[in-house]
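Contents: one structure, followed by commentary.
Protein chains in written order, with the working numbering: chain A, 355 to 837; chain B, 355 to 837; chain C, 355 to 837; chain D, 355 to 837.
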């Protein structure tokens, strides 16, 4: 059965020979490094869940008929997409951070559909190649990281107009067996925890940008590939030996800058090369699939924040105040709104020519645009209920100090029976999610992950049927046409 | 086939002997009175659509197997609920107002499910009785109005505690063949355009309020029933002979106060009598079904407002301004958010013990709470784009005046080719929807229809799974319990 | 003493020979026409208050030393501007609508300052001329209407580029004694209740638009001037003999289209002619002064809406519900925010070269941009608390009907002691302010009066000191410059 | 002259023998400890500015006639309060954090006024005593920290009802020369950087809580006083030797838990003892004065965030995108709204019986309630414009690494001429302000500092004149009274 255990995954990651740097130092083992460990554990949780909650976390491969991790599955129905959204919410609840495996899942679904379309137009053989790659992913239960965003240089210029041609990843040389590429991909979620890198163009391209219309996969340990780990607020609290202060004891999201310095890609791992009219289409489809995912994962993270806030209110004896109840209801309302639109986008999914299913694109963009807003309000309400102590709290070492520890225990205790440490742990968790490493996942990534708000506004304008709306309006006031 | 035409419906309405008052005068024919006519025409449009768009507007009766109007259908699957939501959006687009038939539809679905539950508990025979009533509705293609909200008197007192016992409709006498009831139902949507009145309790009841736990149906022309038509902003513009000034040329919503002054209800039309524990359940189920409906109809009305706004921007030459494009995108975004949550509530619908399907109640309440907010912002943006002329515009009679008409035509014209009258018609439509009769449907009803915002907040708090959220949070910061 | 009574004002208006059309009919007496009467009464209230609250409503003329109506005063200090804002709030509370006299007040303050600047640059004599005009205004206690907005034709073209040159008011002929002008001014607040028309350009102009750089005053009854009264929602309720249904029993705002069809302007009433670089400056100064005014008048109207909402909550027995108290607090908070920024803009006013004082322009624009938003939210909350009955209420004639009147009285009564009519009157007032004639003043005019939101955003960007903010930021992260 | 230099201040702090703990370790010198140093530098900046911008940062003492730091001044006019607000904005711009000295300033102004009132009622001599204390503060140019918030234990119980009586600071013993107190004060802003502690009750008190009605001052180094420094997100980045990663290179806010373990207070430093009816009044006055201050300091911090955002947009070449310009205008608009209401609260200040001036309390609360909201939206917009790189950026050590440094420099550079380090510094500053130590000051403290949102809502409800508003409404719809 192509499902490996959490421990097997972590072992595979320890053995992966990829080149990772964190704050100027090369990392020996990603899961064992205190900074990057929690990120690996979040990814590992997707393996754990497949073992322990198989009904939601596994699916039947349409290629092999085998039971596979749902994160490696090609969606075969709207119900499959709904299950994805529900699964992502569950993962968000378990980890309270970005668990990183959905980007790859959404990428394989997008490349699967678009390679079919390219082949139909150009008579190429990308789709079969991709299916082979996919079978490998599924059968070994490994993680492909989605690599899309280029560094972009001067944003007012197209790829080929850049002074430094490498600002968009591109083919620098063609060889007999493949191509050599150069460039960098930014913000690569879970990159350091992935076995393969699935690279896609980052924008619509024109004929003169043909060399940038390249999609492919290479193993993470390929020569020329370097990962540079991104810093997060409070990241080095993980280096302290004071566990409660870290907030989220187990998990964290992570992103990296991935440099491709003259990397060789063999022909059988190339899924687009020069078919520039399909670059935009691939970007849009991936964006749509991924934007819907945010209505799963971020909602699950929101659940944790709501739960932590309800718990701290109880711990502090304010849970029966009418304004606290109202604010909690508002947090839930906003969170469920996010989820609702994602579910709708999933349930209204449509079949692609390749046979797989993709989300409703308009609703996917609507979902994501709300995601760029509501988590900030939910966080604000959480901080409102939690109280200012969240950011003025002594450290756990103060509590354990022989002289002053008693003061902390006495004056930081909550309502009857709630110890200062219980209160501190909950406040640190809320701090983590709204101002710490967790806030990267819950807030900033909610704005920019899967594309920034303006990208969603543009897609919403493009996808909405304003023409019909106009004609309804004209008709109701007795007009045929404007002019 | 149990489907009648729009004309047959209007004829039936003309022949209906119900007692209707508008502004102090009794009405002879509801569809022919200039004030109430547009309301009847909106209801009639549900007949027109069943004839012309049967795939969406009709369904197969699960009782008789016959093709019936979808508004008379008991939902047999989540897909049926999704179709309902889509149908309501389509109706909203066609009428730009409340078309009134969904309240009855949601009521029959709710009474259907709850009578089954009552019977299961008490061994009564309500469900079969109700099915008979329903067959009559379906086979004659007639409209039952949902009658729920009582006048309520002093809101701090329960029904039986009221000084005036009639502030909640109740049984005043039991006879051999039935009961006699007294009271009034407020805000009865489409009441004057309905053939039957389907009466339900308005709140959860306790043992001492047993006499108020009464649900039944009577024909609209029953002795003792009086309808008093509600006033709307700009309602009397319909009396003027200046059609464009009315904004929406054809349609309008309507509500009435329905008085039950010692009305006899025969036993075979009684669907609950004294089973007070089920009163709250019926209210909640109807509320949930109906709250989801708002994510259909109001979204369709929103489409018209978006269309009218896009059209007036074009007419005035501002459609390419970046802030106008951004505001239109925002209007669409908000409107689709409303729709998305409704679709999710539908798609996640679950089977009731009776076999029928009902919406996901949490999402239904979330849907409606957004409805109490977003249409106001959409309206504000529409007015922003439309410009102040919307409320300073001369009347159509000024334009047709021999002396000053030329001034109006000259100075009110839009960009090249757009006549002053075109501009006026569009502005009057937007005025209708944001400050006129249409605003009753689109704004105020969006707050209070199917229950006020606070009712949704209470349900959201009750239905959300905060306990699981709390336990996820505790676990992530290393706690078992609070105390 | 140059102060006339309310009655004298109304008499002067009756005697004014200006040409006014309402819905296709010429009006004999503006204050006596049922449609336009309430507008005249609102203006008349400024006379009433000067008599009864002279400490706030009068000032000492800096030209003559005489006690004058503050609406005719040139601001001599920040305190004068603060008093203006406070006076406008008081007027808003008294009338619950646009009382129209502030536009003229803000216009005379702006023309006063800018004519001084023009003279300083060009050696012209406009300022002295304008002082003469102003003395006349002050000594006769008459009203000048501010006439600014042109019809604008195609908005992508400048005045001189328009196909129809009259889309911006302009000089069509120069005579020995003055000039002849043609064009139209839209949305002229209180125009039909004013004795004089003070005309200004509507935008910044370039050399080729020199003929449009014209500012002047003419009496309202001047030959060639025609007023066409704008329609408002529910305007014809005033024609019914059912006073309570009208909502606001006494007052209303009004706007008109004012056509200048070859109107002669004598030289001594011309205040700008061809000095195009000052057109934009005049517009900006008037806009700033007027934008601050909105933080007075609309706040007073908001007070009435808050008061009506608090009263209906009490009448319906919901005033102690925590969510109602919270919503009322929010309404107050938003309303006071509007007022606060206006007061700040006034208190931070600065002296112009002419010696008069003008508001802080940045804060004036900030004030107005909030005005384009908060009244909509305040209205939504008012409707939330008021309940749906506001738009489903029978008419007063139903209550007085011999047969059904008792039903209305019984079922529409509020909590103990509150009659149905009391409840109806309050609900009709809220309806008036949020969906009726009052909503024109409170909502739509709050968006577009004194310039639309985008105009404020542009000014805010222009007036804010972002350069200093940038340099603070650079310095704190250790940078000198970006490049 | 009673003004000391920044260096003299820092020396005084080094010599202060107060007992401070940070993360379990006692601190030798607060300004020299890497964690607490930036906090001391922010406070020190108030000394620097008094020297370099004396016109704004100094005032004339009304007690001694000498030139003093404005932070030690008792407000003598509304203009004095306006200057305070402007000064605080300037300080916010200079430091981008909480500079801590305003709490003491607002406290001395409040105790000054209320001691006068207590004396008037009880014939006590607190006011003269306080003036002596104040002269000492002014003449030595030292900082008193405002100590108000108690630990509060079970919030549903009053102080004397607590199981642990020390949950509110109280008198435990009276001696011949003074009293002995016990308890703790939380969130004490700038406590560790202050020479004196000015202690006040935290809530309204009743007769049975008389022992808690205690106000006094003691030097920071008094026996029994312990400071425990609060943790902040990313606080330990200051321990790294990688300056740019810290974001704000120079400054930071700080709070501490201050424990009073049987601390002796001499009689001449007691300013309230047992006069419980004045406890609430002191709290309200301090709250009002301090709530207005937030419309100065946070606005200045907002300026820096706006400046940093404008700079990064320019650095990344997106500053001309219409949506970026719109978002920046919105950020400015929100920031200026905050400032406007504060200025209004100041300009409308009124004289207290003591002769000093205090803010308009209604506007002060309105100001602060906006502060609990807008900085979150400003931050969200800043993150939107900044881009996701803010949280995925490599560290400065990666850039300086011999092997991978070139990748960072190449792929992290901005538009032409903007180095990767410039971009990193700006992004780290925005990170600091929205997710790091600066976010404590700008976000969480904006909610809870000077009292939480609900406290403002309660005061707004209490202070607003709803009675007049109601009577205006009743009158306009023709009613005298409700019943």
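Note that the Cβ used here is the ideal one computed from N, Cα and C, for glycine as well.
Sequence-distant residues of its chain with Cβ nearer than 6 angstroms to residue i (five each side left out)
| i | result |
| --- | --- |
| residue 666 (chain C) | 740 and 780 |
| residue 502 (chain B) | 554 and 556 |
| residue 814 (chain B) | 719 |
| residue 430 (chain B) | 416 |
| residue 785 (chain C) | 601 and 744 |
8 angstroms Cβ cutoff met for residue i and residue j
| i | j | result |
| --- | --- | --- |
| residue 713 (chain D) | residue 428 (chain D) | no |
| residue 443 (chain B) | residue 671 (chain B) | no |
| residue 373 (chain B) | residue 581 (chain B) | yes |
| residue 716 (chain A) | residue 818 (chain A) | yes |
| residue 392 (chain A) | residue 522 (chain A) | no |
| residue 782 (chain A) | residue 768 (chain A) | no |
| residue 697 (chain B) | residue 700 (chain A) | no |
Integer Cβ distance of residue i from residue j, believed to fall under 8 angstroms
| i | j | result |
| --- | --- | --- |
| residue 633 (chain B) | residue 559 (chain B) | 4 angstroms |
| residue 549 (chain A) | residue 708 (chain A) | So it is not a contact: roughly 24 angstroms between Cβ atoms. |
| residue 552 (chain A) | residue 499 (chain A) | 7 angstroms |
| residue 742 (chain B) | residue 607 (chain C) | With a Cβ gap of about 12 angstroms, residue 742 (chain B) and residue 607 (chain C) do not count as contacting. |
| residue 824 (chain A) | residue 683 (chain B) | In fact, because the Cβ distance is near 15 angstroms, the residues do not count as touching under 8 angstroms. |
Contacting residues, own chain, Cβ-Cβ under 8 angstroms from residue i (five flanking each side not counted)
| i | result |
| --- | --- |
| residue 752 (chain B) | 758, 759 and 762 |
| residue 679 (chain A) | 673 |
| residue 614 (chain D) | 523, 535, 536, 537, 538, 539, 553, 578 and 579 |
Paired residues, beta bridge with residue i - DSSP
| i | result |
| --- | --- |
| residue 536 (chain D) | D:524 |
| residue 498 (chain A) | A:550 |
| residue 421 (chain A) | A:414 |
| residue 627 (chain C) | C:568 |
Outcome for residue i when other beta-carbon atoms lying within 10 angstroms are tallied against a minimum of 16
| i | result |
| --- | --- |
| residue 593 (chain C) | exposed |
| residue 838 (chain D) | With chain D represented from 355 up to 837, any question about residue 838 (chain D) goes unanswered, as that position is not in the structure. |
| residue 562 (chain A) | exposed |
| residue 629 (chain C) | buried |
| residue 677 (chain C) | buried |
| residue 620 (chain D) | exposed |
heavy atom of the ligand NAD below 7 angstroms from residue i C-beta
| i | result |
| --- | --- |
| residue 563 (chain D) | This structure does not include the ligand NAD; it has no bound ligands of any sort. |
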